[in-house]
């Protein structure tokens with residue numbers, strides 16, 4: 002007869018044991034909250050870290066005693082995820098309820114005052130809404146440009162023609178570059194003295210052309226640079242759907258003499274619709290975080306300040322750490338709402354199809 006190792010019974014909630022993860026979570030939360038409210042920032046940081054380590058250790062001991070070896074195998078990945086993502090996220094959320102500046106040591110609890118000032122203060126609220134409006138403008142323009150250009154490129158490269166693979170590599174190159182490299186390249190490209198655009202216009206009209214001299218030109222320059230860099234990403238997703246369309250469907254449509262427009266809507270579009278929606282979601286989320294190209298090309302001038310750049314200026318340049326954290330979570334809330342709205346519309350369309 003073979004003996005089966007039985008797992009020990011789970012400890013009671015009130016039992017003090019190294020594998021009692023429920024009690025560890027409660028103690029960790031209580032001690033962390035008290036330490037954050039009472040202790041100085043440096044001491045509270047290490048206390049919260051110690052409580053997190055205690056909770057993690059209780060989970061590991063519990064998994065080992067009950068033979069949850071699968072959980073033990075993924076525990077290193079979970080630990081890295083917690084340290085690199087979850088803990089900074091929770092810490093910054095807690096910091097948004099305090100008055101704290103990175104160049105000062107004092108910190109005090111203020112509750113929702115940071116959020117209230119951002120939304121209702123006569124000096125801060127208009128600037129916040131103006132930057133949010135600029136961000137929405139960039140989201141609409143850049144995402145629309147990327148979707149249109151990416152779709153047209155995908156239709157082009159779905160066909161076989163000479164030098165196709167070499168041209169495809171060339172088109173994909175912008176997506177492989179760093180944003181800093183793209184920003185520096187376009188800053189030279191738009192330069193009024195020796196930039197290509199200015200030189201061409203000067204050759205025809207005899208005057209120097211300054212693209213970034215007004216808001217319209219500055220917005221157009223940023224949108225063009227962003228679309229140049231990320232349209233290949235949309236192209237890749239759409240191209241994956243185009244090459245997956247069975248050839249016999251097109252052959253049957255040709256026999257039935259179906260028009261090209263109807264062939265696209267009845268055969269091609271159903272295969273790429275999901276990938277187009279995925280590209281729309283990804284690029285919309287990324288467009289909300291646009292700050293790097295704005296910093297490199299305009300530094301927020303000509304009324305091109307975005308909400309992400311505004312967060313950077315508040316948190317880093319003005320050292321208003323808590324206010325920057327609060328604004329970051331307001332932005333996160335907007336992105337979550339838009340994402341859920343997008344998923345709701347996508348699900349409704351898929352159910353109705």
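Numbering (the numbering used here), first residue to last: 2 to 354.
We put the CB at the ideal spot given by N, CA and C, even for glycine.
Quiz item: Between 195, 280 and 118, which lies nearest to residue 236 when the distance is taken from Cα to Cα?
Solution: 280
Quiz prompt | Spatial distance of residue 118 from residue 109 (CA atoms) | solution = 16 Å
Exercise. Round the Cβ separation of residue 198 and residue 191 to the nearest angstrom and send it over; I've been treating them as touching at under 8 Å.
Key: 6 Å
Quiz item: So residue 109 is in the beta strand (DSSP E); what residue range does that whole segment cover?
Solution: 108-110
Quiz item: In whole angstroms, what is the alpha-carbon distance linking residue 268 and residue 305?
Solution: 41 Å
Practice problem: Could you check what DSSP says for residue 137 in three-state terms: helix, strand or coil? | Solution: helix
Quiz item: Which word fits residue 315, buried or exposed, when buried means at least 16 other C-beta atoms lie within 10 angstroms of its C-beta?
Solution: buried
Quiz item: Is the number of C-beta pairs between the region 224-240 and the region 280-289 that are closer than 8 Å three or more?
Solution: yes
Practice problem: Closer than 7 Å by C-beta to residue 38: which residues in its own chain qualify, once you throw out the five before and the five after it? Chain order, please. | Solution: 110
Quiz item: Can the beta-carbon of residue 100 be found closer than 7 Å to that of residue 323?
Solution: yes
Quiz prompt | Residues sharing a beta bridge with residue 99, DSSP | solution = 110
Exercise. For my contact list, residue 56 and residue 76 are in at a C-beta cut-off of 8 Å; report their separation, rounded to the angstrom.
Key: Residue 56 to residue 76, Cβ: 12 Å. No contact.
Quiz item: First and last residue of the alpha helix (DSSP H) that includes residue 299?
Solution: Premise fails: residue 299 is in no alpha helix (DSSP H) and is neither H nor E.
Quiz item: How long is the line joining the alpha carbons of residue 222 and residue 299, rounded to whole angstroms?
Solution: 9 Å
Self-check item: Contact belief for residue 312 with residue 328 at Cβ below 8 Å, rounded distance in angstroms
Solution: 5 Å
Quiz item: In terms of residues, what are the limits of the alpha helix (DSSP H) holding residue 275?
Solution: 270-289
Quiz item: alpha helix (DSSP H) containing residue 226: first to last residue?
Solution: 216-243
Quiz item: Where do the ends of the alpha helix (DSSP H) carrying residue 168 lie?
Solution: 165-177
Self-check item: Residue ranges of each alpha helix (DSSP H) within the region 30-75, 4 or longer
Solution: 42-66
Quiz prompt | Nearest-angstrom Cα separation, counted from residue 216 out to residue 203 | solution = 21 Å
Quiz prompt | Residue interval of the alpha helix (DSSP H) (run including residue 263) | solution = 261-264
Exercise. Note the first and the last residue of the continuous alpha helix (DSSP H) segment covering residue 159.
Key: Neither: residue 159 is in no alpha helix (DSSP H) and is coded neither H nor E.
Quiz item: Just reading off the alpha helix (DSSP H) that residue 196 is part of, what are its end residues?
Solution: Looking at the DSSP string, residue 196 is not in any alpha helix (DSSP H), and its letter there is neither H nor E.
Quiz item: Should the region 127-140 be regarded as contacting the region 282-292, the criterion being three or more beta carbon pairs within less than 8 Å?
Solution: yes
Practice problem: Answer with buried or exposed for residue 45, where buried requires no fewer than 16 other C-beta atoms within 10 angstroms of its C-beta. | Solution: buried
Practice problem: Can you tell me which of the three DSSP states residue 127 falls into? | Solution: helix
Practice problem: Within the same chain, show all residues whose beta-carbon is closer than 6 Å to that of residue 72, passing over the 5 residues directly before and after it, in chain order. | Solution: 64
Self-check item: Check whether residue 148 and residue 183 have beta carbons under 7 Å apart
Solution: no
Quiz item: Using DSSP with H/G/I as helix, E/B as strand and the rest coil, what is residue 191?
Solution: coil
Quiz prompt | Element boundaries [alpha helix (DSSP H), containing residue 211] | solution = Taken as a continuous stretch (DSSP letters only), residue 211 belongs to no alpha helix (DSSP H), as it is neither H nor E.
Quiz item: When DSSP labels each residue in this structure, what does residue 258 get in the three-state scheme?
Solution: coil
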